[in-house]
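To start, the structure itself, in C-alpha coordinates.
In this note's numbering, the protein residues as written are 13 to 167.
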(Lines of atoms letter the chains of each structure in order from A and count residues from 1; the text may use other names and numbers.)
(Lines give C-alpha, C1' and ligand atoms only; values in the text may rest on other atoms or scores of the structure.)
Protein backbone atom coordinates (compact mmCIF):
# COMPACT_ATOMS: atom_id res chain seq x y z
CA UNK A 1 0.00 0.00 0.00
CA UNK A 2 1.21 3.47 -0.82
CA UNK A 3 2.05 5.91 1.93
CA UNK A 4 0.77 9.40 1.02
CA UNK A 5 3.35 11.14 3.21
CA UNK A 6 6.23 9.36 1.51
CA UNK A 7 4.70 10.19 -1.85
CA UNK A 8 4.48 13.89 -0.99
CA UNK A 9 8.03 13.86 0.32
CA UNK A 10 9.26 12.30 -2.91
CA UNK A 11 7.28 14.84 -4.98
CA UNK A 12 8.85 17.67 -2.97
CA UNK A 13 12.25 16.14 -3.58
CA UNK A 14 11.52 16.11 -7.32
CA UNK A 15 10.77 19.83 -7.20
CA UNK A 16 14.06 20.43 -5.38
CA UNK A 17 15.97 18.35 -7.93
CA UNK A 18 14.38 20.20 -10.83
CA UNK A 19 15.20 23.55 -9.19
CA UNK A 20 18.82 22.46 -8.78
CA UNK A 21 18.94 21.45 -12.44
CA UNK A 22 17.51 24.83 -13.40
CA UNK A 23 20.25 26.57 -11.42
CA UNK A 24 22.88 24.42 -13.12
CA UNK A 25 21.38 25.31 -16.50
CA UNK A 26 21.73 29.01 -15.64
CA UNK A 27 25.33 28.45 -14.49
CA UNK A 28 26.01 26.65 -17.77
CA UNK A 29 24.59 29.54 -19.77
CA UNK A 30 26.61 32.11 -17.84
CA UNK A 31 29.80 30.04 -18.18
CA UNK A 32 29.17 29.49 -21.89
CA UNK A 33 28.71 33.22 -22.40
CA UNK A 34 31.98 33.89 -20.61
CA UNK A 35 33.83 31.27 -22.68
CA UNK A 36 32.39 32.49 -25.99
CA UNK A 37 33.28 36.08 -25.13
CA UNK A 38 36.85 35.15 -24.19
CA UNK A 39 37.40 32.88 -27.18
CA UNK A 40 35.95 35.41 -29.59
CA UNK A 41 38.62 37.84 -28.43
CA UNK A 42 41.26 35.16 -28.97
CA UNK A 43 40.00 34.50 -32.50
CA UNK A 44 40.03 38.22 -33.24
CA UNK A 45 43.62 38.46 -32.01
CA UNK A 46 44.67 35.46 -34.13
CA UNK A 47 43.00 36.90 -37.22
CA UNK A 48 44.80 40.20 -36.80
CA UNK A 49 48.15 38.59 -35.94
CA UNK A 50 48.32 34.86 -36.74
CA UNK A 51 51.58 34.43 -34.82
CA UNK A 52 49.88 35.63 -31.62
CA UNK A 53 47.05 33.10 -31.85
CA UNK A 54 46.41 30.71 -28.96
CA UNK A 55 46.27 27.56 -31.07
CA UNK A 56 46.34 25.28 -28.05
CA UNK A 57 43.06 26.85 -26.96
CA UNK A 58 41.61 26.68 -30.47
CA UNK A 59 42.44 22.98 -30.70
CA UNK A 60 40.28 22.30 -27.63
CA UNK A 61 37.10 23.87 -28.96
CA UNK A 62 35.60 21.11 -31.08
CA UNK A 63 36.86 17.99 -29.22
CA UNK A 64 35.59 19.23 -25.86
CA UNK A 65 32.14 19.91 -27.31
CA UNK A 66 31.99 16.53 -29.01
CA UNK A 67 33.04 14.86 -25.76
CA UNK A 68 30.55 16.74 -23.55
CA UNK A 69 27.60 16.31 -25.91
CA UNK A 70 28.45 12.64 -26.51
CA UNK A 71 28.48 11.97 -22.77
CA UNK A 72 25.25 13.92 -22.41
CA UNK A 73 23.53 12.01 -25.21
CA UNK A 74 24.67 8.68 -23.84
CA UNK A 75 23.46 9.52 -20.34
CA UNK A 76 20.06 10.63 -21.66
CA UNK A 77 19.74 7.56 -23.88
CA UNK A 78 20.57 5.22 -20.99
CA UNK A 79 18.05 6.90 -18.69
CA UNK A 80 15.42 6.95 -21.44
CA UNK A 81 15.98 3.27 -22.18
CA UNK A 82 15.61 2.47 -18.50
CA UNK A 83 12.37 4.46 -18.35
CA UNK A 84 11.00 2.62 -21.37
CA UNK A 85 11.86 -0.71 -19.74
CA UNK A 86 9.91 0.35 -16.64
CA UNK A 87 6.95 1.33 -18.83
CA UNK A 88 6.94 -2.04 -20.57
CA UNK A 89 7.04 -3.77 -17.19
CA UNK A 90 3.96 -1.80 -16.13
CA UNK A 91 2.15 -2.58 -19.39
CA UNK A 92 2.96 -6.26 -18.92
CA UNK A 93 1.57 -6.22 -15.37
CA UNK A 94 -1.61 -4.46 -16.55
CA UNK A 95 -2.26 -6.87 -19.39
CA UNK A 96 -1.41 -9.82 -17.15
CA UNK A 97 -4.24 -8.75 -14.87
CA UNK A 98 -6.58 -7.79 -17.73
CA UNK A 99 -6.23 -11.10 -19.58
CA UNK A 100 -7.06 -13.39 -16.65
CA UNK A 101 -10.57 -13.85 -17.97
CA UNK A 102 -12.21 -12.53 -14.81
CA UNK A 103 -12.71 -9.31 -12.94
CA UNK A 104 -9.79 -8.41 -10.70
CA UNK A 105 -10.19 -9.00 -7.00
CA UNK A 106 -10.13 -6.17 -4.49
CA UNK A 107 -6.60 -7.18 -3.47
CA UNK A 108 -5.46 -7.16 -7.12
CA UNK A 109 -7.02 -3.72 -7.68
CA UNK A 110 -5.39 -2.38 -4.51
CA UNK A 111 -2.05 -3.79 -5.60
CA UNK A 112 -2.51 -2.30 -9.09
CA UNK A 113 -3.31 1.12 -7.60
CA UNK A 114 -0.24 1.04 -5.37
CA UNK A 115 1.88 -0.09 -8.28
CA UNK A 116 0.52 2.71 -10.50
CA UNK A 117 1.28 5.29 -7.79
CA UNK A 118 4.84 4.00 -7.38
CA UNK A 119 5.30 3.97 -11.14
CA UNK A 120 4.01 7.55 -11.51
CA UNK A 121 6.30 8.88 -8.79
CA UNK A 122 9.28 6.89 -10.08
CA UNK A 123 8.63 8.26 -13.57
CA UNK A 124 8.46 11.82 -12.26
CA UNK A 125 11.75 11.29 -10.39
CA UNK A 126 13.39 9.80 -13.43
CA UNK A 127 12.11 12.59 -15.66
CA UNK A 128 13.70 15.13 -13.33
CA UNK A 129 16.88 13.04 -13.35
CA UNK A 130 16.82 12.85 -17.15
CA UNK A 131 17.50 16.56 -17.50
CA UNK A 132 20.10 16.49 -14.70
CA UNK A 133 22.13 13.66 -16.25
CA UNK A 134 21.86 15.25 -19.69
CA UNK A 135 23.10 18.60 -18.45
CA UNK A 136 25.87 17.35 -16.15
CA UNK A 137 28.65 16.75 -18.74
CA UNK A 138 27.92 20.03 -20.53
CA UNK A 139 27.80 21.96 -17.25
CA UNK A 140 31.06 20.39 -16.13
CA UNK A 141 32.88 21.32 -19.34
CA UNK A 142 31.46 24.84 -19.63
CA UNK A 143 32.20 25.80 -16.03
CA UNK A 144 35.68 24.24 -16.19
CA UNK A 145 36.43 26.25 -19.34
CA UNK A 146 35.15 29.45 -17.76
CA UNK A 147 37.35 28.94 -14.68
CA UNK A 148 40.40 28.05 -16.78
CA UNK A 149 39.98 30.98 -19.13
CA UNK A 150 39.42 33.35 -16.21
CA UNK A 151 42.72 32.20 -14.63
CA UNK A 152 44.44 32.47 -18.01
CA UNK A 153 43.15 36.02 -18.45
CA UNK A 154 44.37 37.15 -15.04
CA UNK A 155 47.78 35.44 -15.46
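Using N, Cα and C, we set each Cβ at its ideal position, and we do this for glycine too. Keep in mind the model is a prediction, meaning the values are calculated, not measured.
{"Check": "Top-ranked residue by Cα proximity to residue 44, from 160, 155, 165", "Outcome": "155"}
{"Check": "Presumed contact (8 Å Cβ cut-off) between residue 92 and residue 142, rounded CB distance", "Outcome": "7 Å"}
{"Check": "Residues of its chain near residue 37, where Cβ-Cβ distance is below 7 Å and the 5 sequence neighbours each way are ignored", "Outcome": "147"}
{"Check": "Three-way DSSP call (helix, strand, coil) for residue 112 in this model", "Outcome": "coil"}
{"Check": "Under the three-state DSSP convention, the category residue 117 falls into", "Outcome": "coil"}
{"Check": "Local conformation of residue 65 per DSSP, three classes", "Outcome": "coil"}
{"Check": "Residue 29, enclosing alpha helix (DSSP H) - first and last residue", "Outcome": "16-60"}
{"Check": "Closer than 8 Å: residue 136 CB and nearest the ligand SAM heavy atom", "Outcome": "Looking at this structure, you won't find the ligand SAM or any other ligand, since it has none at all."}
{"Check": "Cβ neighbours of residue 83 in the same chain (closer than 6 Å, five flanking residues each side left out)", "Outcome": "149"}
{"Check": "Proximity to residue 131 [Cα-Cα], best of 101, 42, 27", "Outcome": "101"}
{"Check": "Per-residue burial, residue 161 [other beta carbons within 10 Å of its own, 16 or more giving buried]", "Outcome": "buried"}
{"Check": "The region 53-65 / the region 106-126 touching (three or more Cβ pairs under 8 Å)", "Outcome": "no"}
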